[in-house]
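What follows is a short report on a single structure.
Residue numbers (the numbering used here), protein chains in the order written: chain Y, 1 to 116; chain G, 117 to 228.
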């Protein structure tokens, strides 16, 4: 069964509004979650690493005030795209894992965001 | 700053084996080699991972070179369901190295 639940699977919003995407770890307590963005025909780009109980670590070039990440519990992390614009339209994917190189990464099914 | 390089695409025929190569010449001694695949409009799916020894599971086999600077994912009998983009990723043990950086991946085509 699914290890990671990501919701919603797709969302359409108007420019200037904010959108929240949820990522839930179903089978285990995830101390670390990762958020990715993927444009059509491109690879996944890591946006940030979300650590439970502390501030997220953002990759270079990713605006932390625009992409708000909250990891308030060991099973839930949220990504909020604030004041969305058409260029934010993308496929957003979360993933969870134990913080160990020997543990596989489990991905959500992604959220297709379209900003009109 | 992906640490792996893969061919952009490979062709395959159904019911035949597929060997997907990956180069990771800068791998460190504690980096694990992970493989994932992504079907259209879905999140990536775990395939297999290893450190030094070859690994087998129900999905695939992973052959790791003796110097660990390259590896090969082996699909023993490719089917239509295996048409996907395959990513080879290194993951370390220490903080700052256990985040997954995806390269361009290899698109497996030709299955029909």
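Note that beta-carbon positions come from the ideal geometry of N, C-alpha and C, so glycine has one too.
Tell me which same chain residues have a C-beta within less than 8 Å of the C-beta of residue 103(Y), skipping the five on either side of it?
97
Mind pulling the chain G residues with CB within less than 8 Å of residue 106(Y)?
162
Cut-off 6 Å between Cβ atoms - residues of its own chain near residue 150(G), not counting five sequence neighbours on either side:
165, 205, 207
Within chain Y, the residues that residue 220(G) reaches when beta carbons sit closer than 9 Å
42, 43
Quick one: Cα of residue 132(Y) to Cα of residue 181(G), how far?
Absent from the model: residue 132(Y). The displayed extent of chain Y is 1 to 116, so no value can be given.
Same chain, Cβ closer than 7 Å to residue 200(G), five either side skipped, listed in chain order:
153, 154, 155, 224
Taking residue 33(Y) as the reference, give the member of 80(Y), 81(Y), 75(Y) with the closest Cα.
75(Y)
Have a look at residue 92(Y) and residue 23(Y) and give me their C-alpha separation to the nearest angstrom.
11 Å
Give a yes or no on whether 7 Å exceeds the smallest Cβ distance from residue 122(G) to chain Y.
no
Who pairs with residue 130(G) in a beta bridge, going by DSSP?
According to DSSP, residue 130(G) bridges with nothing at all.
Just to confirm the assignment: which complete beta strand (DSSP E) runs, minimum length 3, are found wholly within the segment 5–37 of chain Y?
10–13, 19–25
Beta strand (DSSP E) runs wholly inside the segment 160–217 of chain G, at least 3 long, in chain order:
161–166, 177–180, 186–191, 201–207
So with Cβ pairs under 7 Å, would you call residue 131(Y) a contact of chain G?
Nothing about residue 131(Y) can be read from this structure; chain Y reaches only from 1 to 116.
Let me know if residue 116(Y) comes out buried or exposed under the rule of 16 or more other beta-carbons within 10 Å of its beta-carbon.
exposed
Limits of the beta strand (DSSP E) - the one that residue 105(Y) falls within:
Residue 105(Y) -> no beta strand (DSSP E), and no H or E assigned at all.
For residue 126(G), the nearest candidate out of 138(G), 120(G), 119(G) (CA to CA)
138(G)
Does residue 225(G) come within less than 7 Å of chain Y when only Cβ atoms are used?
no
Is it the case that the Cβ atoms of residue 78(Y) and residue 20(Y) are separated by a distance below 7 Å?
yes
Since residue 12(Y) contacts residue 80(Y) with CB under 8 Å, what's their CB separation in whole angstroms?
Not really, about 16 Å apart at Cβ, beyond 8 Å.
Quick check on this structure: which residue in 37(Y), 38(Y), 51(Y) has the alpha carbon closest to the alpha carbon of residue 31(Y)?
51(Y)
Here's a check: name, in chain order, each residue in its chain whose Cβ is nearer than 8 Å to the Cβ of residue 18(Y), leaving out the five neighbours to either side.
80, 81, 82, 83, 84
Identity of the residue in 108(Y), 3(Y), 16(Y), 71(Y) nearest residue 54(Y) by Cα
71(Y)
In chain Y, which residues lie less than 9 Å from residue 119(G) when you measure between Cβ atoms?
None at all; the shortest Cβ gap to chain Y is about 13 Å.
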